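All residue numbers for the sequence shown refer to the numbering used here, where the first residue is 51 and numbers rise by one.
Ideal Cβ positions, reconstructed from N, Cα and C, are used throughout, including at glycine.
What you are looking at is a predicted structure, and each value in this text was computed from that prediction instead of being measured.
Let me begin by presenting the structure, written as structure tokens, before commenting on it.
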Amino acid sequence: MAAYQYVYVMKNLTKSYPGGREVFKGITLSFLPTAKIGVLGPNGAGKSTLMNIIDGILQPDSGSIRIDGNPIRIDSPAMAQRMGIGFVHQEIALCADISVAENIFMAETAQSRRRLMGGADLIARATEVLAPLADIDPRLPAGRLSISQQQLVEIAKALTLDCRILILDEPTGVLTPAEADHLFRILKGLRDHGKTIILITHKLREIMDTTDNVSVMRRGTMVGTVKTAETSPQALAELMVGRKVLLEVEKRPVAPGRDVLVVENLSVQTDGVARLKGVSLTIRAGEILGIAGVAGNGQSELLQALGGIAQATGRITLNGVDLPLKGRKANGQTRRAAGIAHVPEDRQNLGLIMDFAAWENVGFGYHNAPEYQMNALFMDNAALKADTARKMATFDVRPPIPTLPAKSFSGGNQQKIVVAREIERNPDLLLVGQPTRGVDIGAIEFIHKQIVALRDAGKAVLLVSVELDEIMSLSDRILVMFDGKIMGERDPETTNERDLGLLMAGMTGSEAQGKET
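In structure tokens form, the structure reads like this:
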């Protein structure tokens with residue numbers, strides 16, 4: 051087949067960062083028109099860097115790029131858009147204080163250098179773009195939306211561009227299964243109408259269900275490109291990691307002990323709106339309690355109240371001791387001192403300070419730990435850097451350089467830094483929100499093992515995840531939330547995704563059971 055029959059060809063691309071750190075070498079990849087292509091690889095393999103080169107954010111050190119057979123240098127995202135390339139990035143980058151409609155058409159007006167139209171015309175156009183994706187009021191400020199709604203707005207932004215190639219980097223990381231299925235139906239329609247879809251994801255089921263071909267990167271090289279119909283999840287996992295990977299969570303039968311956390315009538319209000327409405331629950335030593343639900347139904351507020359980020363009313367006791375819910379002492383530092391570790395859902399805004407080095411981020415919240423103290427006045431930065439290097443090696447953070455700022459790491463490696471910091475403190479209670487968001491299959495296996503090891507050591511774990519597979523495989527009990535309230539409890543051994551989905555849609559336990567039968 052002649053090269054010009056490919057819509058896009060990269061040949062022998064190399065890329066290194068300052069200091070000689072090589073990201074990838076000799077990458078060759080071709081995209082056919084009207085195809086859905088998956089790009090897989092462990093965190094730090096170079097996937098996002100490669101896509102940033104396609105989008106004009108970065109430039110390769112060597113190699114060639116051709117579009118429709120013509121050599122080209124894409125030197126900016128604006129040029130990529132002019133060449134028909136749209137990009138939905140992994141991390142959400144909406145302007146929180148302006149409307150959804152203004153966010154959707156911002157790129158279009160910047161490209162054409164026209165003033166943003168206003169009023170009914172803008173709202174009508176935004177409503178039309180959003181309609182296939184979700185029921186979102188385009189007049190709302192983007193900051194008022196749930197994380198999953200913000201992700202759908204990011205996708206809507208890309209769809210407004212007249213792109214031939216649409217790249218989506220982990221697009222379903224914050225979507226429910228139903229939202230993800232709906233998105234893939236839309237992408238199939240775009241492919242059928244002549245678009246090339248490139249999906250970067252760590253979710254093997256998505257790759258198997260939605261792509262035509264899949265290319266796998268590992269440690270900066272392209273290790274294989276196969277037809278999806280001719281491979282399997284296990285084979286792809288082995289290509290990604292370079293070894294056999296356990297795709298199922300292994301854990302011994304639960305043997306719960308004493309009550310560690312007791313929550314009574316917990317409520318949270320933000321901006322005068324009740325987000326958490328009288329939630330009560332108990333977690334015992336040696337068990338994992340999973341919280342399922344569509345994003346935006348109170349799970350985030352529950353984690354934040356327990357972690358000392360959000361002020362609340364009600365009662366929380368840890369190991370029989372009441373924890374403050376309001377005032378200066380209701381903070382994360384007090385919670386950590388009591389024996390609570392917290393992996394927040396939003397790693398970039400709540401888990402890390404992006405401009406600070408990895409070693410500084412590892413010390414946040416634990417800077418008073420004895421092992422980090424030189425004397426009564428000064429921290430032992432060398433000890434903290436050495437501990438960070440050890441954690442990076444244990445959790446396979448790439449690159450393993452403690453002095454790099456957090457923003458220099460991929461999203462998955464940022465997640466590993468947060469998880470390593472919290473899990474390694476051996477807490478009485480681990481609060482963990484979306485523990486494997488944006489993390490590759492090998493790291494998912496490792497993080498799951500660490501969570502189960504805490505549970506088996508007699509610790510209590512509260513798990514919040516939009517991944518129902520993760521909730522069902524890790525949890526010993528499952529609570530389902532809707533509209534800020536607990537809708538019901540399920541045993542993961544006897545429930546299924548349909549049963550949980552009915553509860554997530556707001557049906558009572560008896561209604562859901564009736565629907566299932």
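Valine 502: member of the alpha helix (DSSP H) spanning 491-506, first to last residue. Straight across, the Cα-Cα distance linking glycine 193 with arginine 505 is about 36 Å.
Annotated three-state conformation of tyrosine 56 is coil, per DSSP. Collapsing the DSSP output to three states places arginine 255 in a helix.
Asparagine 263 has its alpha-carbon roughly 47 Å from the corresponding atom of arginine 385.
The beta strand (DSSP E) runs of length 3 or more contained entirely in the region 313-363 are, from start to end of the chain, 323-334 and 337-342. DSSP, reduced to helix, strand and coil, places alanine 407 within a strand of the structure shown.
Beta bridge pairing from DSSP links tyrosine 422 with no other residue. Comparing C-alpha distances from alanine 95 to each of Leu108, Lys75 and Val304 shows the shortest one belongs to Lys75. Under the DSSP assignment, valine 203 falls outside any beta strand (DSSP E), being part of the alpha helix (DSSP H) whose first and last residues are 197-210. With 16 or more other Cβ atoms from the protein chains shown falling within 10 Å of its own Cβ, asparagine 93 counts as buried. The closest CA to that of proline 477, considering only Phe445, Met156, Val511 and Ile87, is found on Val511. Beta-bridge pairing by DSSP links phenylalanine 137 to Ile217.
When the five nearest sequence neighbours on each side are left out, the beta carbons in the same chain lying within less than 8 Å of the beta carbon of histidine 139 are those of Glu204 and Asp219, in order along the chain. Out of Pro303, Asn120 and Leu108, the CA that lies nearest to the CA of alanine 128 is found in Leu108. Within the DSSP secondary-structure output, isoleucine 366 pairs in a beta bridge with Val313. Taken through DSSP and simplified to helix, strand or coil, lysine 376 comes out as coil. In the structure shown, glycine 382 falls within a helical segment according to DSSP collapsed to helix, strand and coil.
Cβ atoms of leucine 326 and alanine 355 come within 8 Å of each other, at about 7 Å. Per DSSP, reduced to three states, the secondary structure at leucine 100 is helical.
Contact between serine 112 and threonine 64 holds, since their C-beta atoms are separated by about 5 Å, short of 8 Å. For glycine 239, the secondary structure class from DSSP, reduced to helix, strand or coil, is helix.
Around the beta carbon of methionine 101, 16 or more other beta carbons lie within 10 angstroms, which makes this residue buried. Here proline 191 is bridged, per DSSP, to Ser149. An exposed status is given to valine 371, since fewer than 16 other beta-carbon atoms sit within 10 Å of its beta-carbon. Rounded to whole angstroms, the Cβ separation of leucine 480 and isoleucine 473 is 7 Å, and the two are in contact under 8 Å. In this structure glutamate 256 is buried. Its beta-carbon is surrounded by 16 or more other beta-carbon atoms within 10 angstroms. In this structure, DSSP gives glutamate 472 a helical state, which the three-state scheme calls helix.
Contact between the region 177-197 and the region 143-154 is established, with three or more Cβ pairs separated by less than 8 Å.
For asparagine 263, the secondary structure class from DSSP, reduced to helix, strand or coil, is strand. For valine 291, the enclosing alpha helix (DSSP H) has its first and last residue at 283-291.
For the pair of segments examined, the region 484-492 was found to touch the region 446-464: the number of CB pairs separated by less than 8 Å reaches three. Contact between the region 266-278 and the region 311-331 is absent, with fewer than three C-beta pairs closer than 8 Å. Residue Val393 holds the alpha-carbon nearest to the alpha-carbon of valine 514 among Met537, Asn546, Val393 and Glu314. In this structure, alanine 151 keeps its C-beta atom at 8 Å or more from the C-beta atom of isoleucine 117. For glycine 307, the three-state secondary structure derived from DSSP is coil.
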